[in-house]
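Everything below concerns the one structure shown next.
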Amino acid sequence: MKKSSLFLFALTSVFSGIGYAGAIYSNGLESGAPLKSQFYDINNYGGGFAELTTEKAHSGSYAIKINYPVNEAGTEIKPVAFPATPSLFTRKYEYYAPGWEGNWPVGLKTSRYFTTPDYKTTTPQGNYAYMSEKLIWQTYSSTCNEQYGMGMNNAIFNKDLEYKYLPSAIYGNGLPYIRTGHWYRFETWMVLNSAVDVADGVLKIWIDGVLVYSNEAVMWKSTARGVTQGDGWQSMWFGGNYSGAICGEPTTPLVRYIDDLYLSTTLDLLEKPAAPLGFIVK
Ligand SMILES: [Ca+2]
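See below:
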């Protein structure tokens with residue numbers, strides 16, 4: 043290959059976001075095999091449960107259906123642990139069926155990320171950097187009958203990174219905020235800080251290709267916050283619990299679908315980043 047073609051190839055690879063050299067995990071659920079055989083673990087609790095379904099799919103015929111009958115019901119869907127990586131990219135598609143209107147919880151976990159291979163068996167449990175991602179979050183001052191998911195809260199151990207979606211952030215259905223009846227593409231990019239107490243960690247989140255959150259000063263590992271351990275991201279789960287807290291029980295059983303789960307060590311956005319919105323860059 044000529045030097046000029048090599049350069050063009052490299053440039054194309056960078057800007058197209060293809061070439062998944064860093065792919066860790068990819069699952070469109072199309073094997074149709076029982077969920078339990080496709081994942082390392084599925085933990086259902088409080089009456090929540092996950093099942094393989096053909097009712098709705100983002101790709102092909104199959105997706106995961108999560109059922110939430112009551113407050114604090116949940117399910118955690120865990121791929122097998124992977125080699126520690128300082129950077130982790132996640133993509134998944136989520137669809138909220140009609141019924142969430144007026145029943146959006148205070149918080150709904152969309153994923154959790156750990157710097158241990160198995161949080162349950164790690165001792166001590168508390169001092170490893172991690173993130174609880176809630177791309178559905180209504181602040182505690184909200185009323186309990188919103189028609190849309192209005193914000194997010196990504197908790198990094200004992201610190202909440204809350205953010206309200208901008209009305210100018212327009213997603214694939216042509217509308218702002220998180221609503222029912224649309225497959226949302228959630229993409230998350232996390233880079234650990236270079237050392238404990240150094241504020242250079244990264245957290246960026248895109249919804250349908252729109253960059254909705256960008257923070258390049260995340261102190262994942264921090265002495266003051268008591269989270270000093272973790273050499274890299276090593277495990278995660280999709281799904282999570284419906285947490286009504288102040289807003290209480292859902293008034294009707296709620297259904298959420300997830301499809302095309304993807305993990306990578308590299309920033310594998312499906313689209314070129316769009317021009318930034320007026321979000322706060324920290
Ligand atoms: Ca599928």
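Our numbering applies: residue 43 is where the sequence shown begins, and numbers increase by one.
Built from N, CA and C at the ideal position, the CB exists for glycine as well.
7 Å CB neighbourhood of residue i in its chain, flanking five on each side removed
i	result
phenylalanine 91	Asn109, Thr117
glutamate 188	Trp146, Gln180
proline 76	Leu94
Exposure of residue i, with buried meaning 16 or more beta-carbon neighbours within 10 Å
i	result
alanine 115	buried
serine 264	buried
asparagine 215	exposed
alanine 99	buried
asparagine 145	buried
tyrosine 87	exposed
tryptophan 314	A small fix is needed here, since residue 314 is lysine in this sequence, not tryptophan. Exposed is the call here.
threonine 307	buried
isoleucine 288	exposed
tyrosine 207	buried
glycine 191	buried
glutamate 258	exposed
glycine 268	exposed
tyrosine 155	buried
tyrosine 104	buried
threonine 96	exposed
tyrosine 182	exposed
serine 285	buried
Candidates the options, of which the one nearest residue i by Cα
i	options	result
isoleucine 212	Gly251, Gly282, Lys120	Gly251
glutamate 72	Gly64, Gly88, Ala65, Gly102	Gly102
valine 238	Glu258, Leu130, Leu208, Thr270	Thr270
arginine 298	Leu203, Ser184, Glu93	Glu93
tyrosine 219	Val240, Val112, Met194, Ile198	Met194
methionine 173	Lys201, Ile300, Phe228, Tyr182	Lys201
valine 260	Leu245, Leu253, Gly286, Gly74	Leu245
alanine 65	Val148, Thr127, Leu253	Thr127
arginine 227	Arg133, Ile106, Gly70	Arg133
aspartate 310	Ser184, Phe131, Trp279	Phe131
leucine 312	Glu229, Ile198, Gly274, Trp275	Glu229
leucine 253	Ile198, Val148, Ala266, Ser210	Ser210
8 Å contact criterion, which residue i and residue j should meet: CB distance rounded
i	j	result
arginine 262	asparagine 283	Before going further, note that residue 262 is tryptophan rather than arginine in the sequence given. Not really, about 22 Å apart at Cβ, beyond 8 Å.
phenylalanine 81	proline 121	6 Å
leucine 217	isoleucine 178	Their Cβ separation, rounded to whole angstroms, is 16 Å, which puts leucine 217 and isoleucine 178 out of contact at 8 Å.
threonine 222	proline 140	5 Å
threonine 158	glycine 243	Not really, about 17 Å apart at Cβ, beyond 8 Å.
serine 129	methionine 232	7 Å
isoleucine 106	isoleucine 300	5 Å
Neighbourhood of residue i by C-beta, 6 Å cutoff - its chain only, sequence neighbours within 5 removed
i	result
glycine 281	Ile108, Thr117, Glu118, Ile119
tryptophan 225	His100, Tyr135, Tyr137
phenylalanine 51	Because phenylalanine 51 carries a pLDDT of 41, less than 50, the predicted location of this residue cannot be relied on, and the following value inherits that uncertainty. Excluding sequence neighbours, phenylalanine 51 sits near nothing in its chain.
tyrosine 255	Tyr205, Ile247
proline 111	Gly89, Pro295
tyrosine 170	Thr157, Thr158, Gln271, Gly272
glutamate 175	Thr152, Ser153, Asn196
tyrosine 304	Ser68, Arg133
aspartate 302	Gly70, His100, Ser101, Tyr135
CB contact below 9 Å: residue i versus chain D
i	result
serine 264	The displayed structure is made up of one protein chain only, and chain D is not part of it.
8 Å Cβ shell around residue i - same chain, five flanking residues per side excluded
i	result
aspartate 160	Ala123, Ser277
lysine 78	Ile84
glycine 290	Asn113, Cys186
alanine 241	Asn235, Ala259, Val260, Met261
- Which residues count as close to ligand 1 when the rule is a CB under 7 Å from any of its heavy atoms, in chain order? Output, sorted by chain position: Gly70, Leu71, Glu72, Ala99, His100, Ser101, Gly102, Ser103, Tyr104, Ala105, Asp301, Asp302.
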